[in-house]
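Chains A and B, in that order, give the protein sequences.
Going left to right, the first sequence walks through residues 1 to 189 as my numbering numbers them.
Going left to right, the second sequence walks through residues 190 to 378 as my numbering numbers them.
Every residue, glycine too, gets a C-beta built ideally from N, C-alpha and C.
None of the values given here were measured: they were computed from a predicted structure.
2 protein chains.
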Amino acid sequence: MDKLKEKILKEGIVYPGNIIKVDGFLNHQIDVELLNEIGKAFYDRFKDTKIDKILTIEASGIAIAVISAQYFKVPVVFAKKSESKLTLDQQWSTSIHSYTKDKTSRVQVSKSYLRENESILIIDDFLANGEAAFGLMDLITQAKAHIAGIGIVIEKGFQEGGKRLRAENIHLESLAIIESMDEKGIIFR
Amino acid sequence: MDKLKEKILKEGIVYPGNIIKVDGFLNHQIDVELLNEIGKAFYDRFKDTKIDKILTIEASGIAIAVISAQYFKVPVVFAKKSESKLTLDQQWSTSIHSYTKDKTSRVQVSKSYLRENESILIIDDFLANGEAAFGLMDLITQAKAHIAGIGIVIEKGFQEGGKRLRAENIHLESLAIIESMDEKGIIFR
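Below, the structure written as structure tokens:
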């Protein structure tokens, strides 16, 4: 997606430790016009797939998921990181490790909003090692729902997540894949 | 907003301690069609006010803010609850107390995304005692920007937030104001 790649080149800031910040348009300030282009691009790539619901994870995934959902005309569910008042038998729950934050968190979704046989599209901002994606897939599997595919805004192609998901024949669509990056520049695949 | 009130009556669940859960369409699963009606309603109520940007707070405010922003054609900034890598002189920061969670948290916005003289509309899901609203107003004031108004989806009219904000002549628009609620029912103002 050319407009997204241009924006990443213009505003993305690369930090040591494989970190790229896109706070100016995606993760802190949100460019809603660009987000609409992103939503349309996901719809184009998944329009021939049955999608009942979009699943994402708070907080950064929410904006992308709801704007995209307008094109699919389906509801969004976001997995919660905060402790919920639900009892264990009322929710699907899994652990997700963040290498960036060096922290493992429990995330959960109410059983009311992720149901057997639903066809679920996962949408998220970043794909690095794939920990969040595999965690969300685990929630969908626990619910006996189907993984319709995964839409990612920015894939770090030099980390393992994309390779792991493609090896499992998951329909993965990343709108921008970064092949390599350092303080001098960003190269897309 | 009648459609919203109907949805609250149909799906809202009242718990002891002045808590109402609307997880089925706003705070966990998101009804994007209803959210569009909410966004349009905010636009109707603020369309004669100069708005440069919408400010909200993660996580529940994000979906409402981005859908609304499409009508205003402005960017969204969300205040972050998580610790950021920014140094103190790079961010505006304030404390917000949650009575529901009985917890005070620091929230912050990068100085890059909240600037002098900008006209800022605050959007959030709930207004109870007004702690989040006053916290966001504090961030705007620190940035020497203007508070254009506050748009709230559900105001708990029996708590003090609305009264406090109206006493300060803030342009507050709440799409549904709950006058009273208990396990037996919900009454709107």
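Burial state of residue i, where buried means 16 or more other Cβ atoms lie within 10 Å
i: P264/B; result: buried
i: D102/A; result: exposed
i: G185/A; result: exposed
i: Y113/A; result: buried
i: T289/B; result: exposed
i: L55/A; result: buried
i: L224/B; result: buried
i: Q297/B; result: buried
i: D125/A; result: buried
i: Q279/B; result: exposed
i: I190/A; result: Residue 190/A lies beyond the stretch modelled for chain A, which goes from 1 to 189, so this question has no answer here.
i: K47/A; result: exposed
i: S271/B; result: exposed
i: L139/A; result: buried
i: E372/B; result: exposed
Whole-number beta carbon distance between residue j and residue i, since they are thought to touch under 8 Å
i: A365/B; j: K194/B; result: 5 Å
i: V266/B; j: H28/A; result: 7 Å
i: E200/B; j: G213/B; result: 4 Å
i: I309/B; j: H286/B; result: Actually they are not in contact, since the Cβ atoms of I309/B and H286/B sit about 22 Å apart, beyond 8 Å.
i: A322/B; j: I339/B; result: 6 Å
i: G319/B; j: E349/B; result: 6 Å
i: G324/B; j: T293/B; result: Not a contact, Cβ separation roughly 10 Å.
i: G61/A; j: I123/A; result: 6 Å
i: V14/A; j: M181/A; result: 5 Å
i: E58/A; j: K85/A; result: Going by Cβ atoms, the distance from E58/A to K85/A rounds to 16 Å, so no, they are not a contact pair.
i: E368/B; j: R378/B; result: 4 Å
i: A143/A; j: T49/A; result: Contact doesn't hold; Cβ gap of about 18 Å is too wide.
Beta-ladder partner(s) of residue i, from DSSP
i: K53/A; result: I120/A
i: A176/A; result: I154/A
i: V22/A; result: DSSP, once it has assigned bridges, lists no residue as partnering V22/A.
i: L316/B; result: E344/B
i: V76/A; result: I54/A and I219/B
i: Y71/A; result: According to DSSP, which records beta bridges pairwise, Y71/A is partnered with nothing at all.
i: R106/A; result: S95/A
i: I13/A; result: K21/A
i: M370/B; result: I375/B
i: I359/B; result: DSSP output for I359/B lists no bridge partner at all.
Below-8 Å beta-carbon distance, residue i vs any chain A residue
i: Y232/B; result: no
i: H217/B; result: yes
i: P264/B; result: yes
i: K269/B; result: yes
i: Q259/B; result: yes
Chain B contact for residue i (CB, 8 Å cutoff)
i: S110/A; result: yes
i: D31/A; result: yes
i: I62/A; result: yes
i: F46/A; result: no
Partners in chain B for residue i, counting only beta-carbon separations shorter than 8 Å
i: L35/A; result: V255
i: Y113/A; result: D212, G213, H217 and Q218
Contacts of residue i in chain A (Cβ-Cβ under 8 Å)
i: D371/B; result: The premise fails here: D371/B is roughly 18 Å from chain A at the closest Cβ pair, so nothing lies under 8 Å.
Residues that residue i contacts on chain B, provided the C-beta gap is smaller than 7 Å
i: A59/A; result: E247, A248 and I251
i: A128/A; result: None at all; the shortest Cβ gap to chain B is about 16 Å.
i: A132/A; result: Ordered by position in chain B, no residue passes the 7 Å Cβ test against A132/A, which lies about 15 Å from the chain.
Neighbour flag for residue i against chain D, beta carbons, 8 Å
i: F42/A; result: No chain D is present in this structure, whose protein chains are A and B.
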